[in-house]
Ligand SMILES: Cc1ncc(COP(=O)(O)O)c(C=O)c1O
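Numbering (the working numbering), first residue to last: 351 to 724.
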């Protein structure tokens, strides 16, 4: 096939819709017919399904991953003056919500192999103001939750897993989202489990937190027009729940395919024997490959060559959070988090979805070989 006929999607949501179209269309139309657009029965069904899937006692559907993180912090009473320890190499929302509540994001660096929180730096940042620890399970691989939980328990600090990229991932036989005080995820369309707009969920085994969060997602309302807490409008639309209920049926199969495609990428790329760093997945966990991200030295040229050959790419993420303008007030400078800075300079993501064909994958790797000089 000649290059200009290639039409590779970065994430092939159209192919996925094509496969489940009949069921998804019916599910959406059923909601329209019932007119239960807010907190309809599909939302309850989804929450039961999510709870079963993660084996978490409570699964609360929400309007986005960002709102899930926000409500997690609000439920833990995080407020101005408090500190939350997290990492600067992630999507902005993780720290945005901490700062939004007036609390301070306290950064520690990531590991160079997994890009997740370097727990060796955790304890030195804990003080009396530390009110939560927020590791991020980046690109679909869970952070070192056992080590992080152990340190957190010693200091009696809750842990929020930002699992917005890792829904479905396994860690020591347990599911991501059910590994700490609270787990949060995103159903943004391009996530491993995505809906058809914004969506998210929060998971906990703590009854008191669950009751509070259920109220908080609905303006802090405990009974109709009775408001016990400050809350938000954080509900997931019934239509989105209906879409997710259909997609969840096929999710395990999709996860298997994702893993197969991810390890096939790594095998093919490692065989090129070039200076390309492929994902490092630890033995006690897997990755759901929310992104398949590699590191190269000459990223701009590599992307330019791939673009010339119609291979879409993305950069997750080009600038660590400690260097973002919005966080100038934290007083960080270049060099403060060297691994985050190094990775931000070299990282790039290749097309990834359960619908990526082997032929297209071979083509992508062939062009990558062309694009990377040594
Ligand atoms: C690590 C991380 N945290 C938080 C979010 C926010 O999720 P959402 O876009 O659903 O608000 C995302 C997703 O974009 C993410 O990747």
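Glycine included, C-beta positions come from ideal geometry on N, C-alpha and C.
Best match in the options for proximity to residue i [C-alpha to C-alpha]
i, options, result
"residue 709", "614, 656, 677 and 640", "614"
"residue 367", "546, 388, 407 and 434", "546"
"residue 458", "452, 476 and 441", "476"
"residue 488", "540, 643 and 569", "643"
"residue 686", "714, 439 and 365", "439"
"residue 650", "663, 589 and 641", "663"
"residue 703", "622, 648, 695 and 610", "610"
"residue 592", "373, 365 and 426", "373"
"residue 655", "377, 722 and 581", "722"
"residue 495", "635, 674, 707 and 385", "635"
"residue 641", "676, 678, 706 and 677", "706"
"residue 327", "397, 578 and 468", "With the chain covering 351 to 724 only, the question about residue 327 has no answer from this structure."
"residue 719", "453, 620, 602 and 596", "620"
"residue 453", "717, 711, 695 and 680", "680"
"residue 711", "478, 612 and 391", "612"
"residue 548", "418, 674, 360 and 375", "418"
"residue 403", "531, 682, 524 and 677", "524"
"residue 444", "606, 677 and 363", "677"
"residue 582", "590, 573, 569 and 574", "569"
"residue 630", "478, 604 and 490", "490"
"residue 532", "520, 521, 557 and 522", "557"
"residue 695", "648, 674, 602 and 363", "648"
Cβ-Cβ distance between residue i and residue j below 8 Å
i, j, result
"residue 608", "residue 584", "no"
"residue 501", "residue 529", "no"
"residue 516", "residue 693", "no"
"residue 699", "residue 670", "no"
"residue 588", "residue 389", "yes"
"residue 586", "residue 393", "yes"
"residue 425", "residue 580", "no"
"residue 645", "residue 661", "no"
"residue 415", "residue 550", "yes"
"residue 492", "residue 540", "no"
"residue 543", "residue 399", "no"
"residue 456", "residue 428", "no"
"residue 480", "residue 446", "no"
"residue 594", "residue 538", "no"
"residue 406", "residue 499", "no"
"residue 381", "residue 387", "yes"
"residue 441", "residue 420", "no"
"residue 507", "residue 486", "no"
"residue 378", "residue 701", "no"
"residue 659", "residue 606", "no"
Integer Cβ distance of residue i from residue j, believed to fall under 8 Å
i, j, result
"residue 653", "residue 697", "Contact flag wrong, Cβ pair sits at about 11 Å."
"residue 430", "residue 552", "About 23 Å separates the two Cβ atoms, so there is no contact after all."
"residue 724", "residue 624", "6 Å"
"residue 713", "residue 369", "Actually they are not in contact, since the Cβ atoms of residue 713 and residue 369 sit about 22 Å apart, beyond 8 Å."
Residue i at chain D interface by Cβ criterion, 8 Å
i, result
"residue 640", "Within the model displayed, chain D is absent; a lone protein chain is all it includes."
Residue i beta carbon near ligand 2 (any heavy atom closer than 7 Å)
i, result
"residue 590", "Ligand 2 is absent from the structure shown, which contains only ligand 1."
* Asked: With a cut-off of 8 Å, do at least 3 Cβ pairs link the segment 454-466 to the segment 511-524?
  -> no
* Asked: At which residue ranges does the segment 619-663 contain complete beta strand (DSSP E) runs of 3 or more residues, listed in the order of the chain?
  -> 642-645
* If you pair each beta-carbon of the segment 664-678 with each one of the segment 616-636, do three or more pairs fall below 8 Å? -> no
* Count the C-beta pairs between the segment 544-564 and the segment 410-420 that are closer than 8 Å, then say yes if the count reaches three, no if not. => yes
* To do: May I have a chain-ordered list of the beta strand (DSSP E) segments no shorter than 3 residues that lie completely inside the segment 498-557?
  => 510-512, 532-536 and 550-554
* Of all the alpha helix (DSSP H) runs that stay within the bounds of the segment 357-419, which reach a length of 4 or more residues? -> 363-384 and 391-404
* To do: Kindly provide the ranges of any alpha helix (DSSP H) runs that are 4 or more residues long and lie completely inside the segment 670-724, ordered along the chain.
  => 688-696 and 708-721
* **Those runs of the alpha helix (DSSP H) which lie wholly inside the segment 549-609 and span at least 4 residues** => 557-566 and 588-599
* Which ranges would you report for the alpha helix (DSSP H) in the segment 432-471 if only whole runs of at least 4 residues count? -> 443-450
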